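Have a look at the structure below, then the notes.
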Amino acid sequence: MASCSVTLAGGKLAVGRRMPGRCHRGTAVRVSAAAPEARKRPEYIPNRIDDPNYVRIFDTTLRDGEQSPGATLTSKEKLEIAKKLSQLGVDIIEAGFPIASPDDFEAVRAIAMDVGNAVDADGYVPVICGLSRTRDKDLETAWEAVRHAKLPRVHTFIATSEIHMKYKLRMTPDQVIENAVNAVKHLRSMGCNDIEFSPEDAGRSDPAFLYEILGEVIKAGATTLNIPDTTGWTLPHEFQSLIAKIKANTPGADNVIISTHCQNDLGLSTANSLAGAMGGARQIECTINGIGERAGNASLEEVVMAIALRGKEQMGGLWTGIRPVHISAASKMVSDYSGMIVQPHKAIVGANAFAHESGIHQDGMLKNRDTYEIMSPETIGLSRADEAGIVLGKHSGRNALNTRLTQLGFELPEDQLNDVFRRFKNLADRKKNITDEDVLALVNDEVHQPTVVWVLEDLQVVCGSMGMPTATVRMRGPDGISRISSGIGSGPVDAAYKAVDALVRVQAELVDYSVNSVTEGIEALANTRVVIRPAGKMAGEGYVDSYKGGKTQRSFSGSGADEDIVVSSARAYVSALNKMISYISAKSAAAVAATSSVDGSSQEAVAA
Ligand code: KIV
Numbered sequence: 278m279a280s281c282s283v284t285l286a287g288g289k290l291a292v293g294r295r296m297p298g299r300c301h302r303g304t305a306v307r308v309s310a311a312a313p314e315a316r317k318r319p320e321y322i323p324n325r326i327d328d329p330n331y332v333r334i335f336d337t338t339l340r341d342g343e344q345s346p347g348a349t350l351t352s353k354e355k356l357e358i359a360k361k362l363s364q365l366g367v368d369i370i371e372a373g374f375p376i377a378s379p380d381d382f383e384a385v386r387a388i389a390m391d392v393g394n395a396v397d398a399d400g401y402v403p404v405i406c407g408l409s410r411t412r413d414k415d416l417e418t419a420w421e422a423v424r425h426a427k428l429p430r431v432h433t434f435i436a437t438s439e440i441h442m443k444y445k446l447r448m449t450p451d452q453v454i455e456n457a458v459n460a461v462k463h464l465r466s467m468g469c470n471d472i473e474f475s476p477e478d479a480g481r482s483d484p485a486f487l488y489e490i491l492g493e494v495i496k497a498g499a500t501t502l503n504i505p506d507t508t509g510w511t512l513p514h515e516f517q518s519l520i521a522k523i524k525a526n527t528p529g530a531d532n533v534i535i536s537t538h539c540q541n542d543l544g545l546s547t548a549n550s551l552a553g554a555m556g557g558a559r560q561i562e563c564t565i566n567g568i569g570e571r572a573g574n575a576s577l578e579e580v581v582m583a584i585a586l587r588g589k590e591q592m593g594g595l596w597t598g599i600r601p602v603h604i605s606a607a608s609k610m611v612s613d614y615s616g617m618i619v620q621p622h623k624a625i626v627g628a629n630a631f632a633h634e635s636g637i638h639q640d641g642m643l644k645n646r647d648t649y650e651i652m653s654p655e656t657i658g659l660s661r662a663d664e665a666g667i668v669l670g671k672h673s674g675r676n677a678l679n680t681r682l683t684q685l686g687f688e689l690p691e692d693q694l695n696d697v698f699r700r701f702k703n704l705a706d707r708k709k710n711i712t713d714e715d716v717l718a719l720v721n722d723e724v725h726q727p728t729v730v731w732v733l734e735d736l737q738v739v740c741g742s743m744g745m746p747t748a749t750v751r752m753r754g755p756d757g758i759s760r761i762s763s764g765i766g767s768g769p770v771d772a773a774y775k776a777v778d779a780l781v782r783v784q785a786e787l788v789d790y791s792v793n794s795v796t797e798g799i800e801a802l803a804n805t806r807v808v809i810r811p812a813g814k815m816a817g818e819g820y821v822d823s824y825k826g827g828k829t830q831r832s833f834s835g836s837g838a839d840e841d842i843v844v845s846s847a848r849a850y851v852s853a854l855n856k857m858i859s860y861i862s863a864k865s866a867a868a869v870a871a872t873s874s875v876d877g878s879s880q881e882a883v884a885a
């Protein structure tokens, strides 16, 4: 039997001598047998890390990630994701862009107050960070949103590339420096002493200008200098050298932390982030599943696992404080809430990441798991399906389901477990083998849903080759009353959506619709994802301030699972409508609260 030992950061897990087993995706897996090596992360000091090999992980799923089209998250979802990020052990959570809207402000503040104060037994608590442009109002709003956290940080930025300064900002380089310095000083004057500064589009900026502006913001009091490759332009060797040159040529750079923020336009964001760390960066910005603007951001799980597996041998001993065993559940939660489906061949968290299809590979795996796997699925929290001999089917009870859910990383409260169990029993009546994918689809459909406003109780559709597909729905509204309505459409799904629209009465435009089968076979669950945005009279409702300048329109995703494709489509549509309704009503409630607040300039700033 093969033996190897890889110590993972945070001291939570070491993969040692490997033993065969079955992973829930049906593949053989290894089991960790070595004792975990305790490794305590260095104490958090904004501008210094006492261990030269420690790399801070700055998660921006809730800010950069949420900017992916359709990825809009409600405040409740953001809070739950922040809790998961804290379980994962990220050093910094960028919780949002507080000036974007009163609702964004409230979401960041709630995370700062809750997750930002939940200190664990080891003394760990994540830094809670808010993004801000260099304007005073933005800075004050961001500071107000985060300041109740134990470790608050504000991240301010201004563009430094010639193209951005000339065409976007219409400022001279001197004006840009002045803005940056004033922003940092303003934050200091409010009592914020953990300040991150980003020269936006640094990847295409003149390095000499970067040394100058960065030197000035250090003098003004910045503690972290983040170097964004905003357009994903640089190649790994180029980015590594940029970071090394910034460290060597920026006055005062030894007294601050240098950070990377790599977009994925050329598919190089993970490689560039690792190259940046090799060049001397000690903070990496990344997102769960790599979601983010355009082609996305560096993927947390890729960066973290690359450092965990190769940091010692190939990166001079770099390590992070991440507890990788929570990666799989975090990935699932972010995918469910954001509606951003993870591609099957995505590294680490894709459905195929631990699947071995070809005969030669299967043969190799059966002989020795090291032949084709560089890490065990359990490392990231995927557990073996039959470890306790549990096979889920129609005779399984609540306890068996609960045990399996816990193994998959979900601890559901009683009421949610009951809901999932009810759906599980219905499915088990029709489907002989219930796989983990089925269970996860039910969790998404029942648990990872936005606040329930409307509930789809029943749906009946008449369709066929004679035209006039007709759907009738019964839905329970926010007042608790069930009502019935019908619709005629171009097909059964369209008819169902028209019937739903007749009751819910909000105007929405369907932007995207897709259906996938969860597993193989005729009795498989269908998983539907839709993306909608406010339309007609409501069209103005989804707009918020964009950190890039101007306004951006939010769109809302929803997902649903059922054996019946039309029911699954209707459930997904209702879920997206619920999300849109909750978002819009939270936004107006927060705006009312902000305008009616009597005390505080910061609240006025939010409403402005
Ligand atoms: O991509 C970018 O430049 C950013 C900055 C605000 C860090 O997101």
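My numbering applies: residue 278 is where the sequence shown begins, and numbers increase by one. Note that the Cβ used here is the ideal one computed from N, Cα and C, for glycine as well. The model shown is predicted, which means the values in this text are computed figures rather than measured ones.
When the alpha-carbon of residue 448 is set against those of 459, 654, 435, the nearest one is in 435. Non-local beta-carbon contacts of residue 721 in its own chain, meaning distances under 7 Å to residues more than five positions away in sequence, involve 613, 836, 838 in chain order. Residue 471 has its CB no nearer than 7 Å to any heavy atom of ligand 1.
Its Cα nearest to that of residue 540, the residue 509 stands out among 341, 814, 509.
Shortest Cα-Cα distance from residue 742 to any of 733, 768, 719 involves 768.
By the 16-neighbour rule on beta-carbons within 10 angstroms, residue 710 is exposed. For residue 519, the secondary structure class from DSSP, reduced to helix, strand or coil, is helix. The nearest non-hydrogen atom of ligand 1 is less than 7 Å from the C-beta of residue 434. In this structure residue 546 touches residue 574 by the C-beta definition: roughly 6 Å separates them, less than 8 Å.
If you check the C-beta of residue 507 against ligand 1, you find a heavy atom less than 7 Å away. Secondary structure note for residue 834: its beta strand (DSSP E) is the uninterrupted segment 833 to 839.
Burial is judged here by how many other beta carbons sit within 10 angstroms of a residue's own beta carbon; residue 827 has fewer than 16 and is exposed. Remark: the C-beta of residue 538 is in contact range of ligand 1, defined as less than 7 Å to any heavy atom. A contact is defined here as three or more CB-CB pairs under 8 Å, and the stretch 581 to 588 fails this definition with respect to the stretch 518 to 530. Within the DSSP bridge table, the entry for residue 582 names no partner.
Cβ contact annotation for residue 619 (same chain, cutoff 8 Å, sequence separation greater than five): 566, 608, 612, 626, 627, 628, in chain order. About 26 Å separates the CB atoms of residue 554 and residue 610; that is not less than 8 Å, and the two are not in contact.
As the crow flies, the alpha-carbon of residue 476 is around 7 Å from that of residue 487. For residue 408, the shortest separation between its Cβ and any heavy atom of ligand 1 lies below 7 Å.
If you draw a straight line from the Cα of residue 847 to the Cα of residue 866, it comes to about 28 Å. Leaving aside the five residues that flank residue 688 on each side, the residues in its chain whose CB is nearer than 8 Å to its CB run, in chain order, 682. Annotation for residue 538: 503, 505, 562 place their beta carbon closer than 6 Å to its own, counting only its chain and skipping 5 residues before and after. In this structure, ligand 1 has no non-hydrogen atom nearer than 7 Å to the beta-carbon of residue 444. Under the DSSP definition of a beta bridge, residue 847 lacks any partner. Per DSSP, the beta-bridge partners of residue 760 are 752. Its Cα nearest to that of residue 442, the residue 481 stands out among 404, 764, 474, 481. Remark: C-beta atoms of residue 776 and residue 805 do not approach each other more closely than 8 Å. Remark: three or more beta-carbon pairs, one from each stretch, lie closer than 8 Å, so the stretch 453 to 469 and the stretch 492 to 500 are flagged as touching. Residue 444 is classed as exposed because its beta carbon has fewer than 16 other beta carbons within 10 Å across all chains shown. Taking 8 Å as the cut-off, the beta carbon of residue 795 is found no closer than this to the beta carbon of residue 692.
DSSP places residue 336 inside the beta strand (DSSP E), whose first and last residues are 333 to 336. In summary, residue 672 is exposed, with fewer than 16 beta-carbon neighbours lying within 10 Å of its beta-carbon over all protein chains present. Judged by their CB atoms, residue 534 and residue 326 are nearer to each other than the 8 Å cut-off. The Cβ atoms of residue 519 and residue 464 lie no closer than 8 Å to each other.
Here residue 552 carries a helix assignment [DSSP, helix/strand/coil]. Residue pairing from DSSP places residue 475 in a beta bridge opposite 434.
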